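S.K.: Can you read through this structure? Questions will come right after.
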Amino acid sequence: MSEICIRVDQLRVIYNQGKSNEVRSLDGVSVEIYEQEYVIIYGPSGCGKSTLLYGISGLQAPTYGDVIVNGKNLVQMTKKEKVQFHQTNIGMVFQAFYLIETLTVIDNVCLPKVFRGENLAERREAAMKLLRRFGIAEQADRFPSQLSGGQKQRVSIARALVNDPQIILADEPVGNLDSESAQNVLDIFKEINSVDKKTLIMVTHNPDHLVYADRIIHMKDGKKVREDINNDKRPIDDIKKENSKGELIDAPEKITTELRLLMRTFKDLSLKQVGVLLIPFKAKQLMAHILSELTEEQTSSAEGFLKEFLFNNIDEESLKTKLDLDMEKGGAGWNKLRADSFTRRVQKIIANAKAIAENKEEAVDFIAKNLIETYHLKLEAETYSRFGAFIEMRIENKIDRFGLQQRLDFPLKLGGVGLYRGTAERVVREIELIMLLNYSAERQ
473 MSEICIRVDQ LRVIYNQGKS NEVRSLDGVS VEIYEQEYVI IYGPSGCGKS TLLYGISGLQ
533 APTYGDVIVN GKNLVQMTKK EKVQFHQTNI GMVFQAFYLI ETLTVIDNVC LPKVFRGENL
593 AERREAAMKL LRRFGIAEQA DRFPSQLSGG QKQRVSIARA LVNDPQIILA DEPVGNLDSE
653 SAQNVLDIFK EINSVDKKTL IMVTHNPDHL VYADRIIHMK DGKKVREDIN NDKRPIDDIK
713 KENSKGELID APEKITTELR LLMRTFKDLS LKQVGVLLIP FKAKQLMAHI LSELTEEQTS
773 SAEGFLKEFL FNNIDEESLK TKLDLDMEKG GAGWNKLRAD SFTRRVQKII ANAKAIAENK
833 EEAVDFIAKN LIETYHLKLE AETYSRFGAF IEMRIENKID RFGLQQRLDF PLKLGGVGLY
893 RGTAERVVRE IELIMLLNYS AERQ
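Per the working numbering, the sequence shown runs over residues 473 to 916.
As structure tokens, this is what we get:
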């Protein structure tokens, strides 16, 4: 069972206290964070989120309050004790990287071990293991000035992990990166939390990042204003709270892994849509996936017919007829060729979704063959086996959209499928749509 590893109690950080220019960066914030949680501290600039992170790290001395990490009160520690605490308990990742420009990549990663007095061979071996893991081993002997922003941040993450701390703190870690590098870093953080079982706390102002967290702490004006939960890892007894009458309120309902991974792909999908609104949402996404050049009126009419089809109110032939019928006669105003092609495409995708519901093991081969036919893929036997294995991982919710796309896009010699990026994106999008169509509110 997860236990509390970080407890922040009524933390206040006040600058220029008692003066006319007094600033309350933190104003009575209390937070409990559990082992192996992925927590995001979210809010606009100046809300106190970074101050809270640095308070947790021990780098920011509080004006009032306590910060207890792994049973030790940071406020009561001496400077020497804080140094020892940092070396063994916490790794930090910063927006600005803070690499030493005069040291090589491997020496930057080794630095935390140098301060612990470990021998050269051991620290270089540990550093190289992390550099290989994050795909930057070839840059080991280069200097930071020779790296891209994304490579620098991966070096920074390796440095944070080299002493194997249980807690990783990240302050706006993708703020200086392009979208591709940022996604790579977010995927690494997800892996560090889910595979390495590290407690991860990240500060961000970007709402797109919130889907990655188990729990989101919202900050405003130096205060914690609310918490949102994607995947509660806290013990059930710790989640229950009292209402104004002193009655216990049940723990919030968990979001299943299946739905949570779908919500990462379909940004407009929320718990509000689970239920009677799920079929309309599926219809809208299916329309957007297959069509792109029709008028809004034609698309809107067709979407209505598609909803009827998904609700089983009309059959395949009726759908084709309504799509082909002129708009003034109540149809969608398509032509017969487009209506036939669209209906076949819909049926094919739905068949893939039904295959998962009927038999997941047989569905993998069925879906793989359909995707190969649809996207004209040419895969050798070994590559086909990988392709199927990666599809199976997604069907079983072991990876999300980003993990699947990374594997399909990765070169053959490095264990991937070797698809062109654009092709990989389209294939992954269709697999996600298949997963959405297969999803049932009854499983939530």
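All C-beta atoms in this analysis are idealised placements derived from N, C-alpha and C, irrespective of residue type, glycine included.
Note that the structure is a prediction, hence the values are computed from the model and not measured.
1) Closest to G518 by CA distance: which of D538, Y510, V485, Q548 is it?
2) From L758 to Q508, what does the alpha carbon distance come to, in whole angstroms?
3) Here's the rule I'm using: 16 or more other beta-carbon atoms within 10 Å means buried, otherwise exposed. How should I513 be labelled?
4) What do you get for T729, buried or exposed, if any count of 16 or more other CB atoms within 10 angstroms of its CB means buried?
5) Report all residues from its chain with a CB closer than 6 Å to the CB of R496; omit the five preceding and five following residues, and keep chain order.
6) Using the three-state DSSP reduction, which class does E833 fall into: helix, strand or coil?
7) By the three-class DSSP mapping on this structure, what secondary structure does D798 have?
8) Closest by CA to E775, which one among V555, P584, F814?
9) What is the DSSP secondary structure of A642, counted as helix, strand or coil?
10) Return the residue from the list A823, T676, E854, Y526 that minimises the CA-CA distance to K885.
11) Decide yes or no for the touch test of the region 857-869 against the region 823-841: beta carbon pairs closer than 8 Å, at least 3 of them.
12) What residue range is occupied by the uninterrupted alpha helix (DSSP H) comprising Q559?
13) Looking at the secondary structure, which residues open and close the beta strand (DSSP E) in which Y536 lies?
14) Which first and last residues belong to the alpha helix (DSSP H) in which Y856 is found?
15) Could you name the residues that DSSP lists as bridge partners for M759?
16) If you measure between the beta carbons of I578 and R604, is that distance less than 8 Å?
17) Locate the alpha helix (DSSP H) running through V577, then write down its first and last residues.
18) What residue ranges within the region 604-665 form continuous beta strand (DSSP E) runs of no fewer than 3 residues, ordered along the chain?
19) Can you tell me which residues form a DSSP beta bridge with F566?
20) So what does T895 bridge to, in DSSP terms?
M.R.: Per the coordinate set shown:
1) V485
2) 36 Å
3) So I513 counts as buried.
4) exposed
5) I486, G694
6) DSSP, read as helix, strand or coil, puts E833 in helix.
7) coil
8) Across the set V555, P584, F814, the C-alpha of F814 shows the shortest separation from the C-alpha of E775.
9) strand
10) Cα-wise, what sits closest to K885 is E854.
11) yes
12) 551-561
13) Y536 -> beta strand (DSSP E) spans 536-541.
14) 853-867
15) Answer by DSSP bridge pairing: none, since M759 is not bridged.
16) no
17) 577-586
18) 639-643
19) D643
20) According to DSSP, T895 bridges with nothing at all.
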